[in-house]
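Note sheet for the following structure.
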Amino acid sequence: MFYKYVPKWISNIINTKKCISCGAAANKKNICAIGIRMTSETKSSVFVEHCCQKCDSRTITSFIKEKQSSIEDVCYLLIEEIHKQKRCKTSKKLQKKSLNGQIQDKEVCDLKAFLEKSTTFDEFLKYIGYQNVEHDET
Numbered sequence: 045m046f047y048k049y050v051p052k053w054i055s056n057i058i059n060t061k062k063c064i065s066c067g068a069a070a071n072k073k074n075i076c077a078i079g080i081r082m083t084s085e086t087k088s089s090v091f092v093e094h095c096c097q098k099c100d101s102r103t104i105t106s107f108i109k110e111k112q113s114s115i116e117d118v119c120y121l122l123i124e125e126i127h128k129q130k131r132c133k134t135s136k137k138l139q140k141k142s143l144n145g146q147i148q149d150k151e152v153c154d155l156k157a158f159l160e161k162s163t164t165f166d167e168f169l170k171y172i173g174y175q176n177v178e179h180d181e182t
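Under my numbering, the residues of the sequence shown are numbered 45 to 182, in order.
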């Protein structure tokens, strides 16, 4: 499932690799770990570990020479990709709830009933699907 969250350029590189044990073609769907390793005392690199479909051997691909400006940038890319996937999943759920993108009368009635019963704005945010409710302490 990691392949959904890695930047496309990483998954494209993995798809060009071969298993070091049996020579079978690697597949981005078999990515089992993503991390950062120190390559020297002052340098580090992103690595991806992937498992062979045929012999279960594990191969580590390091991205020392690839187009990464910094480890932090790659980490941000991974985090952004995870958030993008979550937003897409939430959007698909919301699209399934309504027909042709129109708000149904039942949805309006349900929302009105909820608003009458709720006591805080946080409850409303959770009701509409917002997960990370933070309080501003200023």
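C-beta atoms are modelled at their ideal positions from N, C-alpha and C, and glycine is treated no differently.
Proximity of residue i and residue j at Cβ, strictly below 8 angstroms
i	j	result
Val118	Val90	yes
Ser101	Cys63	yes
Val95	Ala68	Looking at the sequence itself, residue 95 is Cys, so the reference to Val does not match. No, Cβ-Cβ distance for Cys95 and Ala68 is not below 8 angstroms.
Leu122	Tyr47	no
Thr134	Gly79	no
Cβ-heavy atom distance, residue i to the ligand PLP, below 7 angstroms
i	result
Cys96	The ligand PLP is not among the ligands present in this structure, which contains no ligands whatsoever.
Helix, strand or coil at residue i according to DSSP, with G and I counted as helix
i	result
Ile57	helix
Cys119	helix
Ile126	helix
Phe46	helix
Lys62	strand
Ala69	strand
Ser135	helix
Cys99	coil
Thr163	coil
Residue interval of the alpha helix (DSSP H) (run including residue i)
i	result
Phe91	First-last for Phe91: 88–95, but that is the beta strand (DSSP E), not the alpha helix (DSSP H).
Span of the beta strand (DSSP E), counted from its first residue to its last, around residue i
i	result
Ile75	75–82
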